[in-house]
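Chain order of the listed sequences is G and P.
Per my numbering, the first sequence starts with residue -13, numbered consecutively.
Per my numbering, the second sequence starts with residue 3, numbered consecutively.
Just so you know, even glycine gets a beta-carbon here, dropped at the ideal spot from N, CA and C.
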Amino acid sequence: QHNNLTSMTTPAYIYPISIILPTYNERENLPIMIDLLHKTFKTRKVDGTVEIVVVDDSSPDNTLEVAQWLKESYADGLIEVNILSRKGKLGLGTAYIAGLKVAKGEKIIIMDADLSHHPKFIPQFLDTMERNGKDKVDIVCGTRYVNGGGVAGWDLRRKLTSRGANFLASFLLLSSPFGGTKISDLTGSFRLYERSMLEKVLPQVKCKGYAFQMEILVLAAKEGAKFAEVPITFVDRIYGESKLGANEIFMYLKGLLYLFFTT
Amino acid sequence: MPKLLRYQQFLAYAFGFLAIWSKAVQNQEEIIDKLPHSCCPTNAKLYKLAIDYAPIWAILALGIWAASSVVYGVLLFRSCPEAAMELDGQVKEAKAELSRRGLDKLGK
């Protein structure tokens, strides 16, 4: 039994960055997202090709067809669209996990595909992660609440709900008389992850909905992750179609209590 | 020692507070004597009220702090309609580029 020391090992990370985009009925928005991302990396050079992993859950509007067209149209080495098509509407959490499994990037960006998150902030995320050098940051969170951030399309009631929910979560899960962990936007879903941290934490996540985003951060904090924040603007174009109904609120509180008692 | 879970941390602080409080209630006369201006009976009454109902005041203070934090946060919460407008413009540009690349020819 002699180890073949000359055997080839495939590098795990052949892209500097993978962007995971879960899609469900995003036939209209996905092409615009890809074009915006393409423009972003035209001006912000990275060392290699940026991978975009589209995880589509059998969208009835045939987002898959558009994704395949985009893959061909934008195959120019600047970005590379890779598609994971799943049978059935399986949910956001498993979409991230499945996307992470096929992604081959060193760093992982997770963002929404409905244009509420703007790719123009990605360079700031990257700079924030890179500039710390020895003081390495594991997760850079986009935050709507800090100076420079904000939301377009929310009324007072929605802002109140959002701030209230974040305060409650922060108080119950992260606060401490000795300082605690300072993350201002716990339910935000526009983040840059060091791959190893995400791989460690994501399989442990059990919550669904908004609490899912919180659980990732809370579990990462337990693993000693270092965080940084970047102000982002969030454009809510589908406000009116309830993205925040009684069911979402109930699931959120349930998730919050679960985390309060288990972390 | 493994780190306490969040609910355990809260319980620890609650029990700590209650322990100190019950001691304070037991020894309230001594404590009030040592407080400034307690020879005056109204002050003494206020001090006694403060000590006797300390947990209530603590919860009230917590509630007020929480409410003000949220209200403050909402007041500072920026609305950025210009971001929506900028996006609209970029959507138009993107659609033109996609059309140029032939997206429109994709059958429904």
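Between Lys192 (chain G) and chain P, the shortest Cβ-Cβ separation is not below 8 Å. At least one beta carbon of chain P lies nearer than 8 Å to the beta carbon of Ile18 (chain G). With at least 16 other beta carbons inside 10 angstroms of its own, Met97 (chain G) counts as buried.
Going by DSSP, Lys93 (chain G) is part of the beta strand (DSSP E) stretching over Gly91 to Ile96.
For secondary structure counted as the beta strand (DSSP E) over 3 or more consecutive residues, the segment 157 to 234 of chain G holds these complete runs in sequence order: 177 to 180, 213 to 217 and 219 to 221. The closest CA to that of Met115 (chain G), considering only G:His103, G:Ile95, G:Gly134 and G:Gln190, is found on G:Ile95. Under the three-state reduction of DSSP, Val126 (chain G) is assigned to strand. One alpha carbon belongs to Ile6 (chain G), the other to Ala84 (chain G), and they sit about 10 Å apart.
Judged by DSSP secondary structure, Glu31 (chain P) falls within the alpha helix (DSSP H) whose first and last residues are Gln30 to Lys36. In the three-state reduction of the DSSP assignment, Ile58 (chain P) falls in the helix class. Residue nearest to Leu89 (chain P) within the set G:Asp21, G:Asp121, G:Gln190 and G:Pro46 is G:Asp21 (criterion: CA-CA distance). Annotation note: the segment 21 to 65 of chain G contains the following uninterrupted beta strand (DSSP E) runs of length 3 or greater, listed N- to C-terminal: 36 to 42. No Cβ of chain G is located within less than 8 Å of the beta carbon of Cys42 (chain P). DSSP places Leu243 (chain G) within a helical segment (H, G or I) once states are collapsed to three.
For the C-beta of Lys87 (chain G), not a single chain P residue is nearer than 9 Å; the gap to the nearest is close to 29 Å. Below the 8 Å Cβ cutoff, chain G contributes no neighbours of Phe17 (chain P), its closest Cβ being approximately 15 Å away. Each residue's CA atom was taken as its position, placing Gln28 (chain P) and Ser182 (chain G) some 55 Å apart. Near chain P, meaning a CB-to-CB distance below 8 Å, the residues of the segment 99 to 116 of chain G are Leu101 and His104.
Within its own chain, the residues whose Cβ lies closer than 7 Å to the Cβ of Ala14 (chain P), once the five positions on either side in sequence are excluded, are Leu6, listed in chain order.
With a threshold of 16 other beta carbon atoms within 10 Å, Glu180 (chain G) meets it and is buried.
When C-beta atoms of the segment 206 to 222 of chain G are compared with those of the segment 8 to 26 of chain P, fewer than three pairs fall below 8 Å, so the two segments do not count as touching. Every unbroken stretch of the alpha helix (DSSP H) spanning 4 or more residues and falling wholly within the segment 64 to 109 of chain P is given here in chain order: 83 to 103.
Across the structure, Phe198 (chain G) and Pro2 (chain G) are spaced so that their CA atoms are roughly 26 Å apart. For Val221 (chain G), the chain P residues whose Cβ falls inside 7 Å of its Cβ are Ala85, Ala86 and Leu89, in order along the chain. By the Cβ criterion, the segment 78 to 88 of chain P is not in contact with the segment 156 to 166 of chain G, since fewer than three pairs of Cβ atoms, one from each stretch, lie closer than 8 Å. At least one CB atom of chain G sits nearer than 8 Å to the CB of Ser71 (chain P).
By the neighbour-count criterion, in which 16 or more other beta carbons inside 10 Å mark a residue as buried, Phe164 (chain G) falls on the exposed side. Per DSSP, Tyr15 (chain P) has no beta bridge partner at all. For Ala56 (chain P), the closest alpha carbon among the candidates P:Ala26, P:Ala68 and P:Val73 is that of P:Ala26.
Counting only Cβ-Cβ distances below 7 Å, Leu13 (chain P) has no contacts in chain G at all, with the closest Cβ about 11 Å away. Think of a sphere of 7 Å around the beta carbon of Gly139 (chain G): the chain P residues whose beta carbon falls inside it are Ala86, in chain order. Assignment of Gly134 (chain G) by DSSP, reduced to helix, strand and coil, places it in the coil class. Chain-order list of chain G residues neighbouring Arg8 (chain P): Leu158, Leu159, Leu245, Phe246, Phe247 and Thr249, by C-beta distance under 8 Å.
As the crow flies, the alpha-carbon of Asn15 (chain G) is around 6 Å from that of Asp100 (chain G).
Our two residues, Leu23 (chain G) and Pro46 (chain G), have alpha carbons roughly 24 Å apart in a direct line.
The residues Leu16, Val40, Val41, Asp42, Asp43, Ser45, Thr49, Ala53 and Ala99, in chain order, have a CB closer than 8 Å to that of Thr9 (chain G) in the same chain once the five nearest residues on each side in sequence are set aside.
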